[in-house]
Amino acid sequence: MGRLRISNVSNTTLSRRNFLVRPPEPPPEYLMADPLNSIFIGFTSIFNIPYSWTYEKLTNPHITISGITGAGKSYMVKTFLTRASFVWNSNAIIIDWAGEYRSWVKQTGGKVISLGKGSSINLLDLAGMKPLNRIKQVMRSLEILTDIGQYPEQKRLTEMAIEEAYKKAKFVLDSKIQRDRIGRQLKAPTLKDVQRILEVMLKKGTYEFPAELENAIYRIKKFTRPGEDFFSLESTVDLENLTKSGLVGIDLSGLPDETFRALAALTILQFIKERMRTTGWARKKGIKLIVVLDEAWKIAKEENSDAVMIVREGRKYNFALIVASQNPTDISEAIFSNAGTTIIFRTKYEKYLNYLQNTLNFSDYIRDHIAKFGVGQCVVNQISAKATAFSETFIIDKVIGIEPVFEYLLEFKTLGGDYMAKTVSMDKEMFRQRLRLYGLSEEHIENISKLFEEKNRHMDVVSFVILLERYGLARRNITNLLKDINLDDSTIIDIFTKADYKKMNIGSKEITQVILEED
């Protein structure tokens, strides 16, 4: 006769044994919401229930997104922002590390601020703050981004010089209102003023530790050198109105390195946080501002960064933060633990899957699906404001998004030397469907779309034809595609003639490289 064996098994282990749990989807009433107060995301994979996201059911409106490149993270962000602007009239600020959202922001009628390419932010601007508070923020940024925290004397000297710069500019350190005797707004000092104060101290020779003073000057000079003084010039960005300017993309790709990009991001977050607190508690429903941090690991990982502070306080002010990264371990545990929603696209590295599973405590059934997802498929994990009797982790078959109309420009130089240009105007999905119709794979369609975006939606039609041929498309199909965009027979013959000539001269050089190198 067999014996009954009793074992001690943890709740985590039980939750991963699929035969002990109900199908991994919440009930319909949890997934569905008022369309006038929610954002539709897609349909669940098992029961095909429409899922709409709403902050009202959750502990807070903050979202973390992870997944490999091309899995659907940025598409999800664009979809969310577009629908939030319609549903709640939300403003949005995208802190864009690589300039990935630049074209989309412009196309949707938003404003792009390109730091390092004509736009600058004076690090010592107040935007309604007291100088003493701004000094603390600047010093915290330097501690996060440099090793100044390991050198107390250099830190003290820098902080003292910033205070002195405000005083020389006639600022009152503990006051928000900064005007001269006849009522004009005072002009904030810059890091160049701070550098001069330290250099005068060194020149006088009265300071007993000149080496510490020299090192403090060296640190400041990193941000004041000509050509790299983006944070030492007068601000061209209206920081006080940034949070109510509709859709704004802060393009950081023009800044020289990771430290500069992180300093810009931290500064923007600091002004947002102060504006959030100044605005005060919100009675009106909805989300007033959505802040997006995409691949901002340098600041998303730091426990004392302002991103964490916004996550902890944002709900009561109707502010939301979206943090997206390929690597989930680049997102601070404080952000993960405080985010009301986590969205996971395809993730293939075991260490990332282990981290996500241990953090969110989902089943092996969910884990196996994450590793095999196609583009747009994702897992959603939510934390309800009220206790639930079911799993809050479920699979979305595909994010169903909204893309604006894309306008692609194919350019062609005729054999006679004249230029002609044909504009192909269609939304992204229609363009992809047309390429799919002529036999291109999803991978090749993704590559072509990416090349158009990298060339600001312009491409030489000859290079376009060579690329299609390289991807295995027959000339008969290419001809039909060109006729679809109303090119006549003589022009198409010219295009193929130039394509043959160009291929002879390219040799073994990578086709996509040639396309990207063209003016």
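Going by numbering that gives the first Met the number 0, the sequence shown opens with residue 0, and the numbers climb by one from there.
All C-beta atoms, glycine included, are put in the ideal place defined by N, C-alpha and C.
Just so we're clear, the structure is a prediction, and the values are computed from it rather than from any experiment.
Which of helix, strand or coil DSSP assigns to residue i
{"i": "histidine 457", "result": "strand"}
{"i": "lysine 501", "result": "helix"}
{"i": "proline 49", "result": "strand"}
{"i": "serine 462", "result": "helix"}
{"i": "serine 140", "result": "helix"}
{"i": "isoleucine 62", "result": "strand"}
{"i": "arginine 178", "result": "strand"}
{"i": "aspartate 250", "result": "strand"}
{"i": "glutamate 158", "result": "helix"}
{"i": "arginine 21", "result": "Confidence in arginine 21 is poor, its pLDDT being 49 and thus under 50, which makes the residue's placement unreliable; the coordinate value appears in the next sentence. Three-state DSSP puts arginine 21 in coil, outside helix and strand."}
{"i": "aspartate 483", "result": "helix"}
{"i": "threonine 346", "result": "coil"}
{"i": "glutamate 410", "result": "strand"}
{"i": "leucine 467", "result": "helix"}
{"i": "leucine 57", "result": "strand"}
{"i": "threonine 235", "result": "coil"}
{"i": "serine 244", "result": "coil"}
{"i": "threonine 387", "result": "coil"}
{"i": "lysine 68", "result": "The amino acid occupying residue 68 in the given sequence is threonine; lysine does not appear at that position. Coil."}
{"i": "serine 118", "result": "strand"}
{"i": "threonine 496", "result": "helix"}
{"i": "threonine 490", "result": "helix"}
{"i": "threonine 341", "result": "strand"}
Where the alpha helix (DSSP H) through residue i begins and ends
{"i": "phenylalanine 79", "result": "72-86"}
{"i": "alanine 319", "result": "Alanine 319 -> not in any alpha helix (DSSP H); beta strand (DSSP E) instead, spanning 318-324."}
{"i": "threonine 519", "result": "Any question about residue 519 goes unanswered here, given that the chain covers just 0 to 518."}
{"i": "leucine 292", "result": "Here leucine 292 belongs to no alpha helix (DSSP H); instead the beta strand (DSSP E) covers 288-293."}
{"i": "valine 104", "result": "101-106"}
{"i": "valine 199", "result": "190-203"}
{"i": "leucine 30", "result": "27-30"}
{"i": "valine 310", "result": "305-312"}
{"i": "glutamate 332", "result": "332-337"}
{"i": "serine 299", "result": "In the sequence under discussion, the amino acid at residue 299 is alanine, which differs from the serine named in the question. Taken as a continuous stretch (DSSP letters only), the alpha helix (DSSP H) holding alanine 299 covers 296-299."}
{"i": "isoleucine 365", "result": "363-371"}
Residue interval of the beta strand (DSSP E) (run including residue i)
{"i": "lysine 110", "result": "110-113"}
{"i": "leucine 212", "result": "Premise fails: leucine 212 lies in the alpha helix (DSSP H), 209-220, not in any beta strand (DSSP E)."}
{"i": "asparagine 90", "result": "90-95"}
{"i": "glutamine 381", "result": "377-381"}
{"i": "threonine 43", "result": "38-43"}
{"i": "phenylalanine 393", "result": "392-398"}
Closest residue to residue i among the options (Cα-Cα distance)
{"i": "glutamate 410", "options": "Phe463, Thr340, Lys186 and Thr235", "result": "Phe463"}
{"i": "serine 119", "options": "Val290, Arg260, Lys169 and Glu211", "result": "Arg260"}
{"i": "arginine 274", "options": "Arg133, Asp459, Leu57 and Met458", "result": "Arg133"}
{"i": "proline 34", "options": "Glu55, Ile45, Asn47 and Glu24", "result": "Glu55"}
{"i": "glycine 470", "options": "Ala306, Met458 and Leu439", "result": "It is worth fixing the name first, because residue 470 is tyrosine in this sequence and not glycine. Of Ala306, Met458 and Leu439, the residue nearest in Cα terms is Leu439."}
{"i": "aspartate 237", "options": "Gln106, Leu466 and Leu114", "result": "Leu114"}
query = If you pair each beta-carbon of the segment 94-107 with each one of the segment 144-162, do three or more pairs fall below 8 Å?
reply = no
key: the segment 27-43 contacting the segment 366-374, beta-carbon criterion three pairs below 8 Å   = no
query = Any contact of the segment 155-163 with the segment 196-215, i.e. 3+ C-beta pairs under 8 Å?
reply = yes
message = Is it the case that the segment 283-298 contacts the segment 83-102, given that we only count it when at least three CB pairs across the two stretches are under 8 Å?
response = yes
request  = Would you check if there are 3 or more beta carbon pairs closer than 8 Å linking the segment 113-130 to the segment 172-186?
outcome  = yes
key: Cβ contact check for the segment 109-123 and the segment 226-235: 3 or more pairs under 8 Å   = yes
ask   = Is the segment 58-65 in contact with the segment 322-329, if contact means three or more CB pairs nearer than 8 Å?
value = yes
Touch test, the segment 342-349 against the segment 375-387, Cβ-Cβ under 8 Å, three pairs minimum = yes
Stretch pair the segment 260-272 + the segment 238-251: three plus CB contacts closer than 8 Å = yes
contact_flag[the segment 439-450, the segment 385-403] where n(CB pairs < 8 Å) is 3 or more = no
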